[in-house]
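What follows is a set of notes on a single structure, which appears directly below.
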Amino acid sequence: MKKGVMRPGHIQLRVLDMEEAVAHYRDLLGLIEVDRDDQGRVYLKGWTEVDKFSVVLREADSAGMDFVGYKCVNEGAVEQLRQELIEYGCKVEDIPEGELKGCGRRVRFDSPTGHLFEIFATKEQTGKWEVGNHNPEAWPRNLTGMKATRFDHCLLYGPNIAGTIDLFREVLGFDLAEQVLDGEGTRLAGFLTVSMKAHDVAFIEHPEPGKLHHASFFLETWEDVLRAADLISMTDTSIDIGPTRHGLTHGKTIYFFDPSGNRSEVFAGGDYHYPDHEPVTWDADKLGKAIFYHDRVLNERFLTVLT
Ligand SMILES: [Fe+2]
95 MKKGVMRPGH IQLRVLDMEE AVAHYRDLLG LIEVDRDDQG RVYLKGWTEV DKFSVVLREA
155 DSAGMDFVGY KCVNEGAVEQ LRQELIEYGC KVEDIPEGEL KGCGRRVRFD SPTGHLFEIF
215 ATKEQTGKWE VGNHNPEAWP RNLTGMKATR FDHCLLYGPN IAGTIDLFRE VLGFDLAEQV
275 LDGEGTRLAG FLTVSMKAHD VAFIEHPEPG KLHHASFFLE TWEDVLRAAD LISMTDTSID
335 IGPTRHGLTH GKTIYFFDPS GNRSEVFAGG DYHYPDHEPV TWDADKLGKA IFYHDRVLNE
395 RFLTVLT
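So this is what it looks like as structure tokens:
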């Protein structure tokens, strides 16, 4: 049941060297740098996103993800969900307006997998980059790199994904779109959506809490994924796998690493979801095909390198 959560709103990533990270996310991925703050954080967005920013980079001693924020339809929904999160047993922290530049109050909460999440409803809207929403042209002419259109989702690893998936379904109103089950019926992976997208967030069972597998950005076409692969090679960027297709979600994809070791994905296509769709299920013994549909063989690095 929908609870007023609309979409992924932002992700804050820890990076070891800010200017190297900016070169990755701005110049290679093609996100637009929109602001910096007095903590030295850098704010970026994909060109189709109407809100001011969706990616925040913070320089730190270790790579990884600080938090992911989800945007709600209004402040009333945030307040209602805040109460429900407390009743559910989450540790809730109120982050004041302006802590992220241009963003209203946020409600941060913990989860069984050890990740921090946020909900918020208010963020400065700067509109689609350059084209706006009044007689808009097809695309901005001065985009760089992969021309990533939006921050789409992230894949997170941690223990007790059953707990975090329950939290996202029961409190936040996400649907389970796709899953991987082992022979005993235990869920090893869950792909959750709060929209028509194949996934807005995904979880994989893993003993270490709070880990990031990748942050993913949407491209328009398979041709754009191939062009991304060319750019990865041209810039001597560390590549993980691809271009290929996933069985899970059927997206066409490529994975690579930022200079701090955080994995990035750009992808195109993929399945769609309506609330009456039954979850798509993959058996764990088909995991190779589920992850890499063409090779049907798992790449050890893809499963084990996390930040
Ligand atoms: Fe992904």
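Numbered according to the numbering used here, the sequence shown spans residues 95 to 401.
No residue lacks a Cβ here, since even glycine has one placed at the ideal position from N, Cα and C.
Distances from the alpha-carbon of G158 to those of H367, V295, D377 and S354 put S354 closest. For H308, the shortest C-beta to heavy atom distance toward ligand 1 is below 7 Å.
Contact check for S310 and C248: beta-carbon distance about 7 Å, within the 8 Å limit, so the pair qualifies. Annotation: the continuous alpha helix (DSSP H) that includes Y182 extends over E169 to Y182.
The alpha-carbon separation between R281 and I255 amounts to approximately 8 Å. If you draw a straight line from the Cα of G170 to the Cα of K146, it is about 21 Å long. Looking at the backbone, the Cα of W376 and that of V274 are separated by about 5 Å.
Rounded to the nearest whole angstrom, the C-alpha separation of E127 and G192 is 18 Å. Of the other Cβ atoms in all chains shown, fewer than 16 fall within 10 Å of the Cβ of H388; this residue is therefore exposed.
In the three-state reduction of the DSSP assignment, A283 falls in the strand class. Taking C-beta atoms as the reference points, E272 and F262 fail to come closer than 8 Å. Contact check for D121 and T243: beta-carbon distance about 16 Å, past the 8 Å limit, so the pair fails to qualify.
Secondary structure of M159 (DSSP, three-state): strand. Taking C-beta atoms as the reference points, T258 and P206 count as a pair closer than 8 Å.
Judged by the Cβ position, H247 qualifies as a neighbour of ligand 1 at the 7 Å threshold, a heavy atom of the ligand being closer than this. Listed in chain order, the beta strand (DSSP E) elements of length 3 or more contained wholly in the segment 293-364 are 295-299, 305-312, 333-339, 346-351 and 357-362. Straight-line spacing of the CA atoms in L125 and E278 works out to 43 Å.
Between A115 and D269 the beta-carbon gap is near 33 Å, outside 8 Å, which marks them as no contact.
From the listed residues F245, S327 and G267, the smallest Cα separation to Y119 is found for F245. Secondary-structure assignment with DSSP links G252 through a beta bridge to E299.
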